[in-house]
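In the numbering used here, the protein residues as written are 260 to 359.
In structure tokens:
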């Protein structure tokens, strides 16, 4: 009877070269967080990828805010023009007659 493979046996494996000293730094960080080195590396990779996603969302939000600001400025210009027109009309038109 064959033994079922462990979940870690089914995970993708990657060989990787680290700069001098980085392995020791990762090992120390893993000890501090109580994780294996593999879990520490995976956690840090996930965070960096999530930050990229967050940055993309931020850039998208800034673009939307800029579009909205442009619309607000255009609307303000229209309001200002209409206010000028109303002031001009107010000077030309006398008070409304009263029914006594």
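Using N, Cα and C, we set each Cβ at its ideal position, and we do this for glycine too. Model, not experiment: these values are computed from the prediction.
At which residues does the alpha helix (DSSP H) containing residue i begin and terminate?
i	result
residue 362	Look at the range of the chain in this structure, 260 to 359, and you will see that residue 362 is not part of it.
residue 264	Run containing residue 264: none; DSSP gives neither H nor E here.
residue 307	296-351
Using a 10 Å radius around the Cβ and a threshold of 16 neighbouring Cβ atoms, would you call residue i buried or exposed?
i	result
residue 299	buried
What is the C-beta distance between residue i and residue j, in whole angstroms, given that I count them as a contact (C-beta under 8 Å)?
i	j	result
residue 302	residue 294	7 Å
residue 314	residue 296	With a Cβ gap of about 27 Å, residue 314 and residue 296 do not count as contacting.
Among residues of its own chain, excluding the 5 on either side of residue i, which ones have a beta-carbon nearer than 7 Å to its beta-carbon?
i	result
residue 351	none
Among residues of its own chain, excluding the 5 on either side of residue i, which ones have a beta-carbon nearer than 8 Å to its beta-carbon?
i	result
residue 330	none
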